[in-house]
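Visitor: So that you can map any letter, position 273 of the sequence shown is 321 in the numbering used here, and since no number is skipped, the others follow by simple counting.
Beta carbons: idealized from backbone N, C-alpha and C, even for Gly.
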Amino acid sequence: MIQALKLALSCSITGRFCAANSCRIPKFSGRFCLSLRMASRRRHRSFASASAAAEGSGKETSIDEPKIRKIASEASDGSSGVEDTPLVFEKMTLQQIQSSLGSNGAHGEGCKHEHVVMSKTDDAAEDFPPQQNLASLEEKPAVAKRNPKRKAKAIPEDEPVASTTTTKNSEISGGRRSKRQVKQSPKDSVDIRMSQSVTEQELIVESTELGGKKSTQLKKKVSSRVTKANVAENPCVDEPWTVLTHKKPQKGWTGYDPKTMRPPPIAADTPHVKLLSWNVNGLRALLKLESFSALELSKREDFDVLCLQETKLQEKDVNAIKETLLQGYDNSYWTCSVSKLGYSGTAIISRIKPISVRYGLGISDHDSEGRLVTLEFENFYLLSCYVPNSGDGLKRLPYRIAEWDTSLGNYMKDLEQSKPVILTGDLNCAHEEMDIFNPAGNKRSAGFTEEERKSFEINFLDRGFVDTFRKQHPNVVAYSYWGYRHGGRRTNKGWRLDYFLVSESISEKVHDAYILPDVGGSDHCPVGLILKL
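Shown next as structure tokens:
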């Protein structure tokens, strides 16, 4: 066995973490770990017997280099005696260890602590099945080198790091961040939930008497970062939104599954209206997509009214678009940006003829970008709205919260004096932390600033308009927008920016408020509302 130990010491050792006790151990093969464990038990028994004999004879044990060489030599010849145990290594100086190993043809490189830890791997091997556990540490958590006098900075164990791995890069947290290319077929996609914890361990060399002198305790703090990956197969590879994906999920939160979380279809004989809203991010581009079929969407959802935002149309394009409308949707109303061509734009397409139509807020400073269409129906007003984005560097934030939101809120309250109001569209605000995948990282991002969220509350929610989806699903994490840049839809790292807000007087008539995350063609997906009349 001493030959196997010398072989291990002569190899270049790559440090690894033991998942069981967070200590640093060398990279051993499964067969060597097993042999080392058996040999360690034998040498512990031999050493215990020798110690007991020494104590019974009243002799004081002392250690010197010649004796160590002799013991090691006897052990290598297969004779009985005390083997090179961890306790012996602890009592030796680094020079004595290196000299002893060198005399037996092994390398004595490394610090004393590494040689001591190496000789204690029998317990670690007990919790390390030879092949399975070594393979399971394929993502290498690194050990950060730290000054023993400095305390390790602890990371709270209850701070989860969520990550969903698909066909793009996967970020794995360790001693330092690294990115690996993960190649998978869609069927093999997995959801990886990462959690980090930092454990701090004290390695203490017990005090012993050497030559009548009591040695001092050697304390060394080793901070080790352990990354735990809970890998669970995603049963819905094509439906990533069903998996809860959030940087800081709270207890009770769950992912959104429209197949199971929507109420039963409303009875056909119950008077109702079905509304759909969608930021299409360029209508002409959407209609050119081979993967998109407006006919299939209308047959599947059977909506009565479709509200559109960010059509990016010019007035000269509207007539041509009207000719391509679905049969039965003969009533369509469009507003386009005149201050900046090919920008913004909203519309409402309906198979129910409205009583009246209004464009804009009636304020010239707000109405040049084509951001609002209002239809009056028998039981309510319906507003299709595209709220201005605060922009890069939040340049439009003052305009957004001080002028636009205030004017829109006042406009809605004026309409409400005669009929209930329904506001829908891209409102460019993730109201709560559960409405955005990474709230901490977007505190100063347009759509999630404290000012915008507060304005959303003051001008709409506090004035009696109800967020229908959040009322129906108070603990559900669901998004309606995913950025193109990082493949956000595939990993379900998004924002909920699209809403149906209704007057409180009709909030109890809402049969269903839902999101359709499976509908592609834009960086937003449609949201819907079914209202009993």
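With a threshold of 16 other CB atoms inside 10 Å of the CB of residue 534, please say whether the residue is buried or exposed.
Guide: Its Cβ having fewer than 16 others within 10 Å, residue 534 is exposed.
Visitor: Does the structure place the region 467-479 close enough to the region 506-522 that three or more beta carbon pairs sit under 8 Å?
Guide: Yes, the region 506-522 touches the region 467-479.
Visitor: Compare the C-alpha of residue 422 against each of 413, 519, 470 and name the closest.
Guide: Residue 470 is the option with its Cα nearest to residue 422.
Visitor: Identify every residue that forms a DSSP beta bridge with residue 561.
Guide: Paired residue(s): 577.
Visitor: Nearest by alpha-carbon distance to residue 308: which of 287, 323, 321, 351 is it?
Guide: Closest option to residue 308, Cα to Cα, is 287.
Visitor: Would you report the Cα separation of residue 407 and residue 396, rounded to the nearest angstrom?
Guide: Going by the C-alpha atoms only, they are around 11 Å apart.
Visitor: How long is the line joining the alpha carbons of residue 449 and residue 316, rounded to whole angstroms?
Guide: Spanning the two alpha carbons is a distance of roughly 42 Å.
Visitor: Skipping 5 residues on each side, what residues in its chain have a beta carbon closer than 8 Å to that of residue 380?
Guide: Within the same chain, residue 380 has close Cβ partners 370, 373, 395, 396, 397, 398.
Visitor: Go through its chain and collect everything with a Cβ distance to residue 560's Cβ below 8 Å, but skip five positions before and after it.
Guide: Cβ neighbours of residue 560 beyond the five flanking positions: 310, 311, 314, 520, 576, 577, 578.
Visitor: Go ahead and label residue 393 buried or exposed: buried means 16 or more other beta carbons lie within 10 angstroms of its beta carbon, across all protein chains shown.
Guide: It counts as buried.
Visitor: So what's residue 1 in DSSP terms, helix, strand or just coil?
Guide: Residue coverage of the chain in this structure runs from 49 to 581, which leaves residue 1 outside it and unanswerable.
Visitor: Let me check understanding here. Comparing Cα to Cα, which of 143, 320, 335, 434 lies closest to residue 414?
Guide: For the residues 143, 320, 335, 434, the minimum Cα distance to residue 414 belongs to 434.
Visitor: Between the C-alpha atoms of residue 350 and residue 344, what's the straight-line distance to the nearest angstrom?
Guide: Each residue's Cα considered, the two are about 10 Å apart.
Visitor: Since residue 503 contacts residue 472 with CB under 8 Å, what's their CB separation in whole angstroms?
Guide: Their Cβ separation, rounded to whole angstroms, is 18 Å, which puts residue 503 and residue 472 out of contact at 8 Å.
Visitor: Select from 581, 290, 144, 143 the residue whose C-alpha is nearest the C-alpha of residue 565.
Guide: Ranking the options by Cα distance to residue 565, first place goes to 290.
Visitor: Any heavy atom of the ligand PLP inside 7 Å of the beta-carbon of residue 431?
Guide: As far as ligands go, the structure on display features none, and thus does not contain the ligand PLP.
Visitor: If we define contact as Cβ-Cβ less than 8 Å, is residue 527 a contact residue for chain B?
Guide: No chain B is present in this structure, which holds just one protein chain.
Visitor: Below 8 Å on the Cβ atoms is my contact criterion, and I expect residue 426 with residue 551 to pass it. Report the Cβ-Cβ distance as a whole number of Å.
Guide: With 8 Å as the limit, residue 426 and residue 551 do not qualify as a contact, their Cβ atoms being about 15 Å apart.
Visitor: Pick from 355, 376, 402: whose alpha carbon is nearest that of residue 383?
Guide: Considering only alpha carbons, the answer is 355.
Visitor: Where residue 411 and residue 527 are concerned, what is the direct C-alpha to C-alpha distance, given to the nearest angstrom?
Guide: About 32 Å.
Visitor: Just how far apart, CA to CA, sit residue 588 and residue 326?
Guide: Because the chain in this structure spans residues 49 to 581, residue 588 falls outside the shown range and cannot be described.
Visitor: What distance in whole Å lies between the Cβ atoms of residue 390 and residue 360, which are believed to be in contact at a cut-off of 8 Å?
Guide: Residue 360 to residue 390, Cβ: 5 Å. Contact.
Visitor: Measure from the alpha carbon of residue 487 to the alpha carbon of each residue in 541, 513, 458, 456, then state which is nearest.
Guide: The candidate whose alpha carbon is nearest that of residue 487 is 541.
Visitor: Going by CA-CA distance only, name the one from 493, 538, 489 that's closest to residue 296.
Guide: Among 493, 538, 489, the Cα nearest to that of residue 296 is on 489.
Visitor: Does DSSP put residue 406 in a helix, in a strand, or in coil?
Guide: Looking at residue 406 - three-state DSSP - the assignment turns out to be strand.
Visitor: Go through the region 309-375 residue by residue and report every complete run of the beta strand (DSSP E) that reaches 3 residues or more, in order.
Guide: With a minimum length of 3 residues, the continuous beta strand (DSSP E) runs that stay inside the region 309-375 are 320-327, 353-357.
Visitor: Once DSSP output is grouped into helix, strand and coil, what is the label at residue 440?
Guide: In this structure, residue 440 counts as helix in the three-state DSSP scheme.
Visitor: Does the distance from the CB of residue 514 to the CB of residue 555 come in under 8 Å?
Guide: The answer is yes: Cβ separation under 8 Å.
Visitor: Can you tell me which of 568, 455, 362 puts its alpha carbon nearest to the alpha carbon of residue 418?
Guide: Cα-wise, what sits closest to residue 418 is 362.
Visitor: Take residue 447 and list the residues in its own chain whose beta-carbon comes closer than 6 Å to its own, dropping the five residues that flank it on each side.
Guide: Closer than 6 Å at the Cβ level, and outside the excluded window around residue 447, lies no residue.
Visitor: Please classify residue 252: does DSSP put it in a helix, a strand, or coil?
Guide: At residue 252 the pLDDT is 40, less than 50, meaning the model places this residue with poor confidence; the figure from the coordinates comes in the next sentence. If DSSP states are grouped into helix, strand and coil, residue 252 belongs with the strands.
Visitor: Where does residue 510 fall in DSSP's three states?
Guide: Three-state DSSP puts residue 510 in a helix.
Visitor: Select from 496, 452, 400, 428 the residue whose C-alpha is nearest the C-alpha of residue 416.
Guide: Among 496, 452, 400, 428, the Cα nearest to that of residue 416 is on 452.
Visitor: Terminal residues of the continuous beta strand (DSSP E) containing residue 548?
Guide: Looking at the DSSP string, the run of the beta strand (DSSP E) that includes residue 548 is 546-551.
Visitor: What does residue 474 pair with, by DSSP beta-bridge criteria?
Guide: Answer is 434, 546.
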